[in-house]
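Colleague: The structure's right below; bear with me while I get my questions together.
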């Protein structure tokens with residue numbers, strides 16, 4: 001007897017989807033939250049996907065976009081919780097040393113991560129979803145719960161900022 005997901009779809013179908021998509025969701029979460037929270041974001045994302053498997057589109061691209069939309073919402077909840085935590089610590093007294101500075105975790109060892117970290121969060125997220133994950137602007141808009149034109153605007157602005165940053169770095173290296 002095969003274990004069934006919600007709505008009667010076989011668990012094997014979910015397991016294959018999880019195996020193919022979880023590494024991408026993990027990379028996305030790694031760019032958006034601190035390292036200590038990455039596993040939580042991935043686990044919460046796929047818990048929701050499993051619970052709502054009957055609602056997940058059958059089309060592979062839409063299915064992946066649906067999972068990233070869940071991950072996006074998990075990341076948004078994470079940021080809201082961090083903001084509440086910071087406000088609470090401000091009200092209670094001096095900042096505690098154990099409040100994570102996720103900026104240090106976002107900036108990785110590679111120049112790409114460092115440059116992407118310079119982008120505002122909305123532009124960084126749009127760029128990551130389209131360039132690194134490979135979603136179309138339409139699917140990225142679905143993930144971010146905004147219009148496709150908003151995603152293309154964010155991408156355009158991100159590309160302009162990146163061109164400026166990279167040009168300045170090249171000029172700095174040439175001047176040496």
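In our numbering, the protein residues as written are 1 to 176. Backbone N, C-alpha and C define an ideal beta-carbon position, used for all residues, glycine too.
When the distance is taken between beta carbons, is residue 71 closer than 9 Å to residue 45?
Modeller: The count along the chain shown starts at 1 and reaches residue 45 at position 45. The count along the chain shown starts at 1 and reaches residue 71 at position 71. Yes. Within cutoff.
Colleague: Select from 13, 40, 11 the residue whose C-alpha is nearest the C-alpha of residue 25.
Modeller: Position 25 of the chain shown, counted from the first residue, corresponds to residue 25. Looking at the Cα atoms, 40 is the closest of the given residues.
Colleague: Give me, in chain order, the residues of the same chain whose beta-carbon lies closer than 6 Å to that of residue 67; leave out the 5 immediate sequence neighbours on both sides.
Modeller: Within the chain shown, residue 67 is the residue found at index 67, counting from 1. These residues qualify, in order along the chain: 21, 49.
Colleague: Leaving out five residues before and five after residue 14 in sequence, what residues of the same chain have Cβ atoms less than 8 Å from its Cβ?
Modeller: Residue 14 sits at position 14 when you count from the first residue of the chain shown. Once the five neighbours on either side are set aside, the close Cβ partners of residue 14 are 5, 49, 50, 53.
Colleague: Distance check for residue 117 and residue 16, CA to CA, integer angstroms please.
Modeller: Taking the chain shown and counting its residues from 1, one reaches residue 16 at position 16. Taking the chain shown and counting its residues from 1, one reaches residue 117 at position 117. Their Cα atoms are separated by approximately 32 Å.
Colleague: Comparing alpha-carbon positions, which option in 87, 160, 132 lies nearest residue 119?
Modeller: Translated into positions along the chain shown, residue 119 becomes position 119. Out of 87, 160, 132, 160 has the C-alpha closest to the C-alpha of residue 119.
Colleague: Report the CB separation of residue 155 from residue 126 in whole angstroms; it is logged as a contact under 8 Å.
Modeller: The residue labelled residue 155 in the question sits at position 155 within the chain shown. The residue labelled residue 126 in the question sits at position 126 within the chain shown. That pair is a contact at about 5 Å.
Colleague: Taking only three categories from DSSP, how would you classify residue 10?
Modeller: Within the chain shown, the letter at position 10 stands for residue 10. In this structure, residue 10 counts as strand in the three-state DSSP scheme.
Colleague: Apart from the five residues just before and just after residue 158, which ones in its own chain have a Cβ nearer than 8 Å to its Cβ?
Modeller: Here residue 158 corresponds to residue number 158 of the chain shown, with the count starting at 1. Cβ within range, chain order: 119, 123, 124, 126, 127.
Colleague: Could you give the DSSP three-state label for residue 166: helix, strand or coil?
Modeller: By 1-based counting over the chain shown, the position of residue 166 is 166. Of the three classes helix, strand and coil, the one that applies to residue 166 here is helix, per DSSP.
Colleague: Can you check whether the CB of residue 64 is closer than 9 Å to the CB of residue 132?
Modeller: If you number the chain shown from 1, residue 132 lands on position 132. If you number the chain shown from 1, residue 64 lands on position 64. No. Outside cutoff.
Colleague: Below 9 Å between beta carbons: does that hold for residue 150 and residue 75?
Modeller: As a first step, residue 150 is located in the chain shown; it is residue number 150 there, counting from the start. As a first step, residue 75 is located in the chain shown; it is residue number 75 there, counting from the start. No, they are not a contact pair.
Colleague: According to DSSP, simplified to helix, strand and coil, what is residue 55?
Modeller: Within the chain shown, numbered from 1, the residue matching residue 55 stands at position 55. Here residue 55 sits in helix by DSSP.
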